[in-house]
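Novice: The structure is given below, and queries will be raised subsequently.
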Amino acid sequence: MPPHASPTPASRRVVYVLLAALASAPFLLLLLLYDGASPSALCPAASRRLSYPSVLWSRVPPLPALPTSPHPALRASRWIVFSASPHHLRHRPLRSVPGWQLLAVADEATPAGWSHPGAVLLTLADQALLGFRSVAFLPTRGPARKAAAYLFAVQRGARVIYDADARNAVVGGNLSCHFDVDLDQRQGGAVLLQYSHADPNRTVVNPYVHFGQPSVWPRGLPLERAGEVGSEEFYTEVFGGGQFIQQGLCNGLPDVDAVFYFTRKSSEMEAFDFRFDADAPKVALPQGMMTPVNYVNTLFHSAAFWGLALPVSVSPMASDVIRGYWVQRILWEIGGYLVVYPPTVHRIDDVHAHPFDDEKDIHVNVGRLIKFLLEWRSRKQTLFERILDLSYAMTEERFWAEKDLHFMAAWLQDLVAVGYRQPRLMSLEIDRPRATIGHGDKLEFSPKKLPSVHLGVEEIGEVSTEIGNLIKWRKHFGDVVLIVHCTEPVDRTALEWRLLYGRIFRAVVILSEQGNSDLAVEFSNLAQAYKYLPKVFDRFAGAQGFLFLQDHMVLNYWSLLNADKAKLWITNQVKESWSDVPLQGNKNDWFVNQGEMVKKAVGSFPFHYQANYKRSVGENKIIHCSSEIFYIPQRHISDFSYLVKVIGSLDIHHNIAVPMLFLAMDSPSNFESKSLTKLVYRTDLPSNTTFSTIYTAEAHAVYPVKVRNEMDFVKLIRVMASGDPFLMELV
């Protein structure tokens, strides 16, 4: 007999409405912002241990520029590398700069006959002839193909490489006057202004504040930092010469994310034309502090050429953000640092913004990535070994896919092959105590207040409030993993659940009885779903907790901010969901059989678990709970996993096993009383009842939801928008 008296309604969510919305709905970007489609959330659990690349650096054969290579006579010490975009020439204002060689790299989208004034083009055919190992890993489209051009430039004498965008118009036409192209690495030379390291908990900064635009933030900045608009209390200084990576700012259209672009600009607004303070001093970042780095306006010195490689397994608009944080961490290993410079180029806001889904990998894990990089340590003996060590660790932590690990090994070997000499590690101890900042070390600088779309984030009004709510919800659930069990065909539902909930939770894991590796949907029998959960727990070992949800229940995440995430949540106070089932005299064979297995399982539990359970339930009944939704905090994860292991092969149904496990782990009096009590749970709905008639935004969750087509999904979004207004942008 099934565990419910009536069959459970299954939601039918349709992928195509969301895909269609990609082209027209600004808010979809926010759905993608914390989308489980990142490598960390989408890559299925590895069935084998990740192998560590074995590289014999001394045996990498040299790869000189041969007469048969493309452009054999081309050599220069200063290079400007950019993608050969298909945009019209009027959208490519980047021009030849005296003393610099322009190098464009083609991809599959580059039209035949493409040209750019003063630029040499590396076609796809040229790239295949260069002999670089890493070219085989490059995607057919996107900026990651720049790797071939970087290596080409290094092979032909590069000392500095400017990572550029075709839309850049260099201010004044002279790139060398904006950056420190020739570094003086002698001690006692010029000093640079530097952010203060007084607060060790301040790990990421928005440099736009320093240059007069506090209400603007760069692409890749964790959104919770977007509201930090105050100027610095004071700065310190650092000797120049170690600014191996130099990030310039863009006037006109700066490098902003789609959250900024589409919440600050409507279709009726004129093009963005921001101005940064050209007189503000360049500012360095101390060890332990980071900021986003892009591929549109950044200068790399030879000591940091190893950091040019763009990840190949993440979305195009995320690759430079991930590279930027990764490269800043490795810079510390050689005593280098990043410096942010006043505006060096102007970009006209005259093209369509990038697609929403291109940002799906940026914010989903950017905060976790920064934390991970700050904590990472390696004992490897050379720089390249440490780079490979970090690349391996980032693959294990699922910040990128295994393809990037092998790409990085090939990239480093290519650098060796073209004659690049890796910098020596500094004896500097990463964990050394920070120097005390004395009164004489404190320097002041007051940024100008320049015209902007808004003078301050706090003045944005309704949009600011709604973004603030997203940040608040993300802070509350950002370290909680959501596990959604789909009962409908996953090719019609998996993407939608990730889009809806992925921006709020650390990750969204999709389970289904129809496993689908292409969609990263993992197989799990719903009747035994609890037995699969320990595998998810192991994958996200540091998560604060795990929330299980079946797809016919809608979660109002905004209404659960007061719930204690250190306690168990389950529907024990919802009578429609939780009920006692007497065993004595029960004529239902299914419940009798389940009761026998429960007795056997509980009898195998250690004494304190047995005592907990029997104190709450006794001997002659079992508990039946629909178990569509429940939460397990970190402190109970090991208990849950252990008890599941004790149950072993016993065929206890999910709806009987979950309440049994909860009552063995703790007393109901200790369950969280503020969670899941405001549950709309209806099992007796007339056939003509619509979801909107039972839905309320004040509920913690609502059951059942019946979404069978696109119009049903539109109706769902409209009713949910009463709690999350940004959802209305979808419809």
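All the letters of the sequence shown, read from the start, carry residue numbers 290 to 1020 under our numbering.
Here a beta-carbon is modelled for each residue, glycine too, at the ideal position from N, C-alpha and C.
1. Just to confirm, are Ala-593 and Phe-533 a CB contact at a threshold of 7 Å?
2. For a quick check, are the C-beta atoms of Val-798 and Ile-760 less than 7 Å apart?
3. Measure how close the beta-carbons of Gln-839 and Val-769 come, nearest whole angstrom, since I'm counting them as under 8 Å.
4. Within the segment 617-687, note down every full beta strand (DSSP E) run reaching 3 residues or more, in order along the chain.
5. Figure out for me which residue from Ser-893, Leu-464 and Tyr-550 has the closest Cα to the Cα of Leu-536.
6. List the endpoints of the continuous beta strand (DSSP E) containing Leu-392.
7. Pair every Cβ in the segment 353-367 with every Cβ in the segment 437-456, then say whether three or more of these pairs are closer than 8 Å.
8. Between the segment 351-366 and the segment 701-715, do at least 3 Cβ pairs fall closer than 8 Å?
9. Could you please give me the residues that DSSP links to Leu-732 through a beta bridge?
10. Under the DSSP definition of a beta bridge, which residues are partnered with Asn-540?
11. Identify which residue in Cys-539, Leu-440, Gly-727 and Glu-517 has its Cα closest to the Cα of Leu-418.
12. Would you decide whether Trp-346 is buried or exposed? Buried here means 16 or more other CB atoms lie within 10 Å of its CB.
13. Hey, quick one: how far does the beta strand (DSSP E) through Ser-372 stretch, first residue to last?
14. Going by the CB atoms, is the gap between Asp-566 and Lys-737 shorter than 7 Å?
15. How about Val-424 and Leu-411: are their beta carbons less than 7 Å apart?
16. Val-449 lies in the beta strand (DSSP E); which residues open and close that run?
17. Where are the beta strand (DSSP E) runs, 3 residues long or more, that stay fully inside the segment 781-841, in chain order?
18. Around the Cβ of Ile-749, are there at least 16 other Cβ atoms within 10 angstroms (buried) or fewer (exposed)?
19. Name the two residues that bound the continuous beta strand (DSSP E) containing Val-409.
20. Terminal residues of the continuous beta strand (DSSP E) containing Asn-586?
21. Which term fits Glu-648, buried or exposed, when burial requires 16 or more other beta carbons within 10 angstroms of its beta carbon?
22. Quick check on DSSP: helix, strand or coil for Phe-563?
23. Buried or exposed for Ala-560, please, with buried defined as at least 16 other CB atoms from any protein chain shown within 10 angstroms of its CB.
24. Look up Leu-771 in the DSSP assignment and give the residues it is bridged to.
25. For Arg-723, which option in Leu-383, Phe-734, Thr-525 and Thr-580 has the closest C-alpha, if you only look at C-alpha atoms?
26. If you drop the 5 nearest sequence neighbours on each side, which residues of the same chain put their C-beta closer than 8 Å to that of Pro-496?
27. How far does the alpha helix (DSSP H) with Ala-436 in it extend, from its first residue to its last?
28. Judging by CA-CA distance, which residue of Ala-408, Pro-428 and Ala-437 is the nearest neighbour of Asp-415?
29. State buried or exposed for Arg-713, treating a residue as buried only when at least 16 other CB atoms are found within 10 Å of its CB.
30. Is it the case that the Cβ atoms of Pro-382 and Pro-400 are separated by a distance below 7 Å?
31. By the DSSP assignment, the beta strand (DSSP E) with Phe-919 in it spans what residues?
32. If we ignore side chains and look at the alpha-carbon of each, how far apart do Ser-735 and Ala-455 end up?
33. With DSSP as the reference, label Met-578 as helix, strand or coil.
34. Find out if the Cβ-Cβ distance for the pair Cys-914, Asn-877 is shorter than 7 Å.
35. Assuming Trp-700 is part of the beta strand (DSSP E), what are its boundary residues?
36. Work out the CA separation of Asn-654 and Ala-852 for me, nearest whole Å.
Specialist: In terms of the structure at hand:
1. For the purposes of this step, residue 593 is taken as the residue at position 304 of the sequence shown. For the purposes of this step, residue 533 is taken as the residue at position 244 of the sequence shown. Going by C-beta atoms, Ala-593 is nearer than 7 Å to Phe-533.
2. The sequence position of residue 798 within the sequence shown is 509, counting from 1. The sequence position of residue 760 within the sequence shown is 471, counting from 1. Their beta carbons are not under 7 Å apart, which means Val-798 does not touch Ile-760 by this criterion.
3. Counting from 1 along the sequence shown, the entry for residue 839 is found at position 550. Counting from 1 along the sequence shown, the entry for residue 769 is found at position 480. Not really, about 17 Å apart at Cβ, beyond 8 Å.
4. 627-636
5. Residue numbering aside, residue 536 sits at position 247 when the sequence shown is read from its first letter. Strictly speaking, residue 536 in this sequence is Gln, with Leu absent from that position. The shortest Cα separation from Gln-536 among Ser-893, Leu-464 and Tyr-550 belongs to Leu-464.
6. Here the question's residue 392 lines up with position 103 in the sequence shown. That run of the beta strand (DSSP E) goes 390-394.
7. A contact exists between the segment 353-367 and the segment 437-456.
8. yes
9. To locate residue 732, count along the sequence shown from 1; it is residue 443. DSSP lists Tyr-524 as partners of Leu-732.
10. Along the sequence shown, one-based indexing puts residue 540 at 251. His-635.
11. For the purposes of this step, residue 418 is identified with residue 129 of the sequence shown, where counting begins at 1. Among Cys-539, Leu-440, Gly-727 and Glu-517, the Cα nearest to that of Leu-418 is on Leu-440.
12. On the sequence shown, position 57 is the one that residue 346 refers to. Exposed, because fewer than 16 other Cβ atoms sit within 10 Å of the Cβ of Trp-346.
13. Start at 1 with the first residue of the sequence shown, and residue 372 comes out as number 83. Note, Ser-372: beta strand (DSSP E), 367-372.
14. For the purposes of this step, residue 737 is identified with residue 448 of the sequence shown, where counting begins at 1. For the purposes of this step, residue 566 is identified with residue 277 of the sequence shown, where counting begins at 1. In this structure, Asp-566 lies closer than 7 Å to Lys-737 by Cβ.
15. Walking along the sequence shown from the start, residue 424 turns up at place 135. Walking along the sequence shown from the start, residue 411 turns up at place 122. In this structure, Leu-411 does not lie closer than 7 Å to Val-424 by Cβ.
16. Indexing the sequence shown from 1 puts residue 449 at position 160. From DSSP, the beta strand (DSSP E) with Val-449 extends over 449-453.
17. 796-801, 810-812 and 834-839
18. Stepping through the sequence shown from its first residue, residue 749 is reached at position 460. Confidence at Ile-749 is low in this model, with a pLDDT of 39, below 50, so the placement of that residue should be treated as unreliable; the coordinate-derived value is given next. Buried is the call here.
19. Position 120 of the sequence shown, counted from the first residue, corresponds to residue 409. It spans 408-411 - the beta strand (DSSP E) in which Val-409 sits, taken as one unbroken run.
20. Translated into positions along the sequence shown, residue 586 becomes position 297. Run containing Asn-586: 586-590, per the beta strand (DSSP E) assignment.
21. Your numbering for residue 648 matches position 359 in the sequence shown. Buried.
22. Locating residue 563 in the sequence shown gives position 274, where the first residue counts as 1. Of the three classes helix, strand and coil, the one that applies to Phe-563 here is strand, per DSSP.
23. Residue numbering aside, residue 560 sits at position 271 when the sequence shown is read from its first letter. Exposed, by the Cβ-count rule.
24. Here residue 771 is taken as the residue at index 482 of the sequence shown, counted from 1. Its beta-bridge partners are Val-797 and Leu-836.
25. One-based indexing of the sequence shown puts residue 723 at position 434. Out of Leu-383, Phe-734, Thr-525 and Thr-580, Thr-525 has the C-alpha closest to the C-alpha of Arg-723.
26. The sequence position of residue 496 within the sequence shown is 207, counting from 1. Here the set comprises Pro-507, Gln-536, Leu-538, Val-572, Thr-580 and Val-629.
27. As a working mapping, residue 436 is identified with position 147 in the sequence shown. Note, Ala-436: alpha helix (DSSP H), 435-444.
28. Within the sequence shown, numbered from 1, the residue matching residue 415 stands at position 126. For the residues Ala-408, Pro-428 and Ala-437, the minimum Cα distance to Asp-415 belongs to Ala-437.
29. On the sequence shown, position 424 is the one that residue 713 refers to. With fewer than 16 other Cβ atoms within 10 Å, it is exposed.
30. Position 93 of the sequence shown, counted from the first residue, corresponds to residue 382. Position 111 of the sequence shown, counted from the first residue, corresponds to residue 400. No.
31. Residue 919 sits at position 630 when you count from the first residue of the sequence shown. Note, Phe-919: beta strand (DSSP E), 918-922.
32. Taking the first residue of the sequence shown as 1, we reach residue 735 at position 446. Taking the first residue of the sequence shown as 1, we reach residue 455 at position 166. Near 33 Å, if we compare the C-alpha coordinates of Ala-455 and Ser-735.
33. Here residue 578 refers to the residue found at position 289 when the sequence shown is read from its first residue. Met-578: coil per DSSP, three-state reduction.
34. Here residue 914 refers to the residue found at position 625 when the sequence shown is read from its first residue. Here residue 877 refers to the residue found at position 588 when the sequence shown is read from its first residue. Cβ atoms of Cys-914 and Asn-877: not closer than 7 Å.
35. Walking along the sequence shown from the start, residue 700 turns up at place 411. Trp-700 -> not in any beta strand (DSSP E); alpha helix (DSSP H) instead, spanning 691-706.
36. One-based indexing of the sequence shown puts residue 852 at position 563. One-based indexing of the sequence shown puts residue 654 at position 365. In this structure, the alpha-carbon of Ala-852 lies about 24 Å from that of Asn-654.
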